[in-house]
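Take a look at the structure set out below.
There are 2 protein chains.
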Amino acid sequence: MSQTVARAIDVVTLVSLASRSLGEVADHLKVHKSTALRLLQTLEEGGFVRRLGDGRYGMGFELIALGQIALDQVEARSLAHAHLQGLASKTGHTVHFGQLIGNQVIYIDKVDGHGTVAMGSRIGLTAKINTASVAKAIAAYQSDSVRAKLLVDAVFERYTRTTLATRQELIDDLDRTRARGWAEDDGEYEEYINCIALPVYDARGSVTYGISITALRAVASLDDLRGQLPLFRDVAHHISQNLGWKGHEWTPPNSLKAI
Amino acid sequence: MSQTVARAIDVVTLVSLASRSLGEVADHLKVHKSTALRLLQTLEEGGFVRRLGDGRYGMGFELIALGQIALDQVEARSLAHAHLQGLASKTGHTVHFGQLIGNQVIYIDKVDGHGTVAMGSRIGLTAKINTASVAKAIAAYQSDSVRAKLLVDAVFERYTRTTLATRQELIDDLDRTRARGWAEDDGEYEEYINCIALPVYDARGSVTYGISITALRAVASLDDLRGQLPLFRDVAHHISQNLGWKGHEWTPPNSLKAI
DNA sequence: AAAGGCATTGCATATGTTGCAACAAACAAA
DNA sequence: TTTGTTTGTTGCAACATATGCAATGCCTTT
Numbered sequence: 019m020s021q022t023v024a025r026a027i028d029v030v031t032l033v034s035l036a037s038r039s040l041g042e043v044a045d046h047l048k049v050h051k052s053t054a055l056r057l058l059q060t061l062e063e064g065g066f067v068r069r070l071g072d073g074r075y076g077m078g079f080e081l082i083a084l085g086q087i088a089l090d091q092v093e094a095r096s097l098a099h100a101h102l103q104g105l106a107s108k109t110g111h112t113v114h115f116g117q118l119i120g121n122q123v124i125y126i127d128k129v130d131g132h133g134t135v136a137m138g139s140r141i142g143l144t145a146k147i148n149t150a151s152v153a154k155a156i157a158a159y160q161s162d163s164v165r166a167k168l169l170v171d172a173v174f175e176r177y178t179r180t181t182l183a184t185r186q187e188l189i190d191d192l193d194r195t196r197a198r199g200w201a202e203d204d205g206e207y208e209e210y211i212n213c214i215a216l217p218v219y220d221a222r223g224s225v226t227y228g229i230s231i232t233a234l235r236a237v238a239s240l241d242d243l244r245g246q247l248p249l250f251r252d253v254a255h256h257i258s259q260n261l262g263w264k265g266h267e268w269t270p271p272n273s274l275k276a277i
Numbered sequence: 019m020s021q022t023v024a025r026a027i028d029v030v031t032l033v034s035l036a037s038r039s040l041g042e043v044a045d046h047l048k049v050h051k052s053t054a055l056r057l058l059q060t061l062e063e064g065g066f067v068r069r070l071g072d073g074r075y076g077m078g079f080e081l082i083a084l085g086q087i088a089l090d091q092v093e094a095r096s097l098a099h100a101h102l103q104g105l106a107s108k109t110g111h112t113v114h115f116g117q118l119i120g121n122q123v124i125y126i127d128k129v130d131g132h133g134t135v136a137m138g139s140r141i142g143l144t145a146k147i148n149t150a151s152v153a154k155a156i157a158a159y160q161s162d163s164v165r166a167k168l169l170v171d172a173v174f175e176r177y178t179r180t181t182l183a184t185r186q187e188l189i190d191d192l193d194r195t196r197a198r199g200w201a202e203d204d205g206e207y208e209e210y211i212n213c214i215a216l217p218v219y220d221a222r223g224s225v226t227y228g229i230s231i232t233a234l235r236a237v238a239s240l241d242d243l244r245g246q247l248p249l250f251r252d253v254a255h256h257i258s259q260n261l262g263w264k265g266h267e268w269t270p271p272n273s274l275k276a277i
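Each protein sequence line maps, in turn, to chains S and L. No gaps in the numbering here: position 147 of the first sequence is 165 in the working numbering, and each next residue is one more. No gaps in the numbering here: position 106 of the second sequence is 124 in the working numbering, and each next residue is one more.
Okay, here's the thing in structure tokens:
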């Protein structure tokens with residue numbers, strides 16, 4: 019629509035990956051250096067990029083500031099954050115918190131466990147429905163029409179032996195998830211990582227949020243994570259209540275007793 | 019330099035304050051609605067703004083994601099964060115962490131205390147040298163030339179009875195700060211808020227960072243905060259060491275014994 | 001049904017962006 | 001030192017691109 023703005027966004031993204039010189043930016047955009055310069059100057063004025071000591075361009079602080087504002091606008095985050103911290107410190111594992119917004123699930127919070135695990139997740143990114151258990155936990159509890167919308171964007175690609183690589187496999191897993199009461203990820207994206215996730219209810223009683231615990235398989239097996247379910251369910255329940263959920267009092271389901 | 023990009027940045031900033039309709043954006047830019055529309059469409063495509071349920075425009079998630087990336091690039095933050103959390107939980111007060119970058123001090127971390135205090139500070143924003151004690155703590159330890167650069171951007175305006183409202187008052191305060199070993203803010207920006215701040219050293223032995231404790235006067239007086247100095251200095255010292263400072267072992271200065 | 005408000009599209013115009021070429025500055029090699 | 005090379009910056013003419021207009025479509029309200 020607007021070529022110049024599209025280029026500007028392209029530049030910001032480029033520069034977010036690593037610092038770049040003027041020439042590199044111009045090459046990337048396939049435009050003349052002078053064009054790239056004027057673009058960068060405007061972005062610099064707005065604080066979206068900044069000049070580093072060596073003259074190269076890096077990310078500007080305005081991006082940090084705006085990101086914080088955007089995060090603050092997600093009210094659920096502040097209501098849940100303390101619970102996430104508690105869960106992370108009690109289990110020692112990394113905790114993610116996702117919210118269903120439009121047709122996608124966004125990570126709105128993340129608290130690292132004791133050993134930091136290198137994961138593709140990052141606050142603000144989209145949790146893909148077939149690679150992130152938070153997204154599965156949320157999707158499993160949606161009406162058929164909402165679930166269908168979530169599936170539209172899904173790209174089925176095999177990452178590991180256990181990846182849900184077809185639409186039908188995913189749907190079956192969502193059904194199992196709902197019956198079971200929680201979602202599992204048995205190394206479906208990264209061989210050596212597993213997670214479990216629970217739905218979180220909002221004030222209207224819909225599942226708009228999800229919370230997950232992630233661990234290296236070497237640190238905690240899927241069975242170990244299942245063992246955390248009583249605590250985990252308790253935390254998820256408290257968050258739901260904080261978010262205004264007036265649903266029925268929580269009672270341990272049969273499936274839990276079996277563990 | 020680039021009108022279109024400048025407008026785009028303007029729009030993102032506008033929308034960050036509150037959600038806006040197409041017409042409102044057009045009015046603000048003083049352009050035709052169709053122009054504003056095409057701009058917003060491009061920004062939406064890049065994830066910088068998004069359409070809310072009611073058709074209005076709000077901040078996009080890409081801003082959150084980019085903000086997180088930018089924050090992660092500030093290595094000092096990750097090295098210091100745990101210490102800040104400890105300090106906040108032990109004192110119950112809000113802790114700020116600032117870094118000197120170029121000619122300004124940027125808040126790179128903030129941990130809220132028990133009672134959340136409404137403050138103008140936010141991660142990513144510039145800490146003004148005459149309104150934020152972190153900035154004073156850093157400025158006090160700079161060479162005259164760097165200090166002069168920091169003073170260039172200073173805008174002297176009176177906020178309260180104790181505000182440092184002239185260049186000379188500020189310079190005197192910085193000198194006192196350096197002699198004393200820590201910076202104080204006795205309600206200089208907000209009547210009812212006071213802080214103390216300490217310099218933090220980097221691997222080269224320069225003061226590149228600053229850390230502050232902020233409290234409502236009603237909760238903790240300046241004297242109360244001074245009472246926290248032993249703990250506070252200990253934390254600042256540990257952070258300096260984590261950042262690679264090989265300076266002399268820390269010993270309580272005389273000024274501290276006098277408290 | 002009609003009217004009003006708001007978002008969206010096609011198109012001609014002209015404004016703002018572009019590439020060029022020339023210049024400046026920093027650095028390396030001779 | 002001079003010379004060559006690389007990188008960043010400015011002025012200007014050409015034209016591509018963003019612009020405003022007018023027309024259309026889609027709701028909501030009366």
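Note that beta-carbon positions come from the ideal geometry of N, C-alpha and C, so glycine has one too.
Residues of the segment 119-143 of chain L whose Cβ lies closer than 7 Å to any Cβ of chain S, in chain order: Result list: I124, R140, I141, G142 and L143.
Closer than 8 Å to chain S by CB, L:F174: Within the second sequence, residue 174 of chain L is the residue found at index 156, counting from 1. False, the Cβ-Cβ gap to chain S never drops below 8 Å.
Ordered list of beta strand (DSSP E) runs contained in the segment 94-146 of chain L, each at least 3 residues: Listed in chain order, the complete beta strand (DSSP E) runs (minimum 3 residues) inside the segment 94-146 of chain L are 112-119 and 122-129.
S:T232 - partner residues in DSSP beta bridges: Indexing the first sequence from 1 puts residue 232 of chain S at position 214. According to DSSP, S:T232 bridges with S:T112 and S:C213.
Rounded separation between L:H50 and L:D190 - CA only: Your numbering for residue 50 of chain L matches position 32 in the second sequence. Your numbering for residue 190 of chain L matches position 172 in the second sequence. For L:H50 and L:D190, the distance between alpha carbons rounds to 52 Å.
Chain-ordered chain S contacts of L:Q117 [CB-CB under 7 Å]: Translated into the one-based positions of the second sequence, residue 117 of chain L becomes position 99. Per Cβ cutoff of 7 Å: no residues; L:Q117 is ~10 Å from chain S at best.
Straight-line gap, L:T144 to S:G228 (C-alpha atoms, nearest Å): Counting from 1 along the second sequence, the entry for residue 144 of chain L is found at position 126. Counting from 1 along the first sequence, the entry for residue 228 of chain S is found at position 210. Approximately 34 Å between the Cα atoms of the pair.
Proximity test, Cβ basis, 8 Å: S:S20 and chain L: Start at 1 with the first residue of the first sequence, and residue 20 of chain S comes out as number 2. Yes - at least one Cβ of chain L is within 8 Å of the one on S:S20.
Within-8 Å CB hit, L:T178 to chain S: Here residue 178 of chain L refers to the residue found at position 160 of the second sequence. Taking a beta-carbon distance threshold of 8 Å, L:T178 does not count as an interface residue toward chain S.
C-beta neighbour in chain S for L:I147, strict 8 Å: Within the second sequence, residue 147 of chain L is the residue found at index 129, counting from 1. The beta carbon of L:I147 sits no closer than 8 Å to any beta carbon of chain S.
Distance between S:A215 and L:S139 (C-alpha atoms, nearest Å): Counting from 1 along the second sequence, the entry for residue 139 of chain L is found at position 121. Counting from 1 along the first sequence, the entry for residue 215 of chain S is found at position 197. When rounded, the distance between both Cα atoms is 34 Å.
Whole-angstrom distance between S:E206 and S:I148, CA atom to CA atom: Here residue 148 of chain S corresponds to residue number 130 of the first sequence, with the count starting at 1. Here residue 206 of chain S corresponds to residue number 188 of the first sequence, with the count starting at 1. Reading the sequence as shown, one finds Asn at residue 148 of chain S and not Ile. Rounded to the nearest whole angstrom, the C-alpha separation of S:N148 and S:E206 is 8 Å.
CB contact below 8 Å: S:S34 versus chain L: If you number the first sequence from 1, residue 34 of chain S lands on position 16. So yes, S:S34 belongs to the interface.
Simplified DSSP state of L:W268, which is helix, strand or coil: On the second sequence, position 250 is the one that residue 268 of chain L refers to. The predicted position of L:W268 is uncertain, since its pLDDT is 44 and thus under 50; a value taken from the coordinates is nonetheless stated next. In the structure shown, L:W268 falls within a coil segment according to DSSP collapsed to helix, strand and coil.
Delimiting residues of the alpha helix (DSSP H) encompassing L:A54: Residue 54 of chain L sits at position 36 when you count from the first residue of the second sequence. Annotation for L:A54: the continuous alpha helix (DSSP H) segment containing it runs K51 to E63.
Cβ contact check for the segment 37-54 of chain S and the segment 69-79 of chain S: 3 or more pairs under 8 Å: Touching, yes.
Interface partners of L:V30 on chain S, CB under 8 Å: Position 12 of the second sequence, counted from the start, is the residue given in the question as residue 30 of chain L. Those within 8 Å of L:V30 in chain S are L84.
Residues that L:A221 bridges to, as DSSP identifies them: Residue 221 of chain L sits at position 203 when you count from the first residue of the second sequence. DSSP links L:A221 through a beta bridge to no other residue.
Cβ pair S:A238, S:A201 closer than 8 Å: Here the question's residue 238 of chain S lines up with position 220 in the first sequence. Here the question's residue 201 of chain S lines up with position 183 in the first sequence. Result no, Cβ atoms of S:A238 and S:A201 do not sit closer than 8 Å.
Near-chain S residues of the segment 47-60 of chain L (beta-carbon distance less than 8 Å), N- to C-terminal order: Residues of the segment 47-60 of chain L whose Cβ lies closer than 8 Å to any Cβ of chain S, in chain order: R56, L57, Q59 and T60.
Bridge partners - L:G71, DSSP secondary structure assignment: Position 53 of the second sequence, counted from the first residue, corresponds to residue 71 of chain L. According to DSSP, L:G71 bridges with nothing at all.
Extent of the continuous alpha helix (DSSP H) run through S:E202: On the first sequence, residue 202 of chain S is found 184 positions in, with the first residue counted as 1. Careful: S:E202 lies outside any alpha helix (DSSP H), inside the beta strand (DSSP E) at A201 to D204.
Amino acids of chain S, ordered along the chain, whose beta-carbon sits closer than 8 Å to that of L:Q160: As a first step, residue 160 of chain L must be located in the second sequence, where it is residue number 142. Contact annotation for L:Q160 against chain S: no contact, minimum CB-CB distance about 16 Å [criterion: below 8 Å].
L:V293 versus L:L47, L:L35 and L:G245, residue with shortest Cα-Cα distance: In the structure as shown, chain L begins at 19 and stops at 277. Residue 293 of chain L is therefore absent and cannot be evaluated.
Cα-Cα separation between L:E175 and L:P217, rounded to whole angstroms: For this step, residue 175 of chain L is matched to residue 157 along the second sequence. For this step, residue 217 of chain L is matched to residue 199 along the second sequence. One C-alpha to the other measures close to 25 Å.
Terminal residues of the alpha helix (DSSP H) in which L:V92 lies: Sequence index remark: in the second sequence, residue 92 of chain L carries index 74 (1-based). Where L:V92 is concerned, there is no enclosing alpha helix (DSSP H), given that its DSSP letter is neither H nor E.
Secondary structure of S:R38, DSSP reduced to three states: The residue you call residue 38 of chain S lines up with position 20 of the first sequence. Look at S:R38 here: in three-state DSSP terms it is strand.
9 Å Cβ cut-off: residues of chain L touching S:I27: For the purposes of this step, residue 27 of chain S is taken as the residue at position 9 of the first sequence. Chain-ordered, the chain L residues with CB closer than 9 Å to the CB of S:I27 read A26, T60, L61, E63, G64, G65, F66 and E80.
Residue nearest to L:A221 in terms of C-alpha spacing, selected from L:R196, L:L234, L:H256 and L:L188: On the second sequence, position 203 is the one that residue 221 of chain L refers to. Ranking L:R196, L:L234, L:H256 and L:L188 by Cα distance to L:A221 puts L:H256 first.
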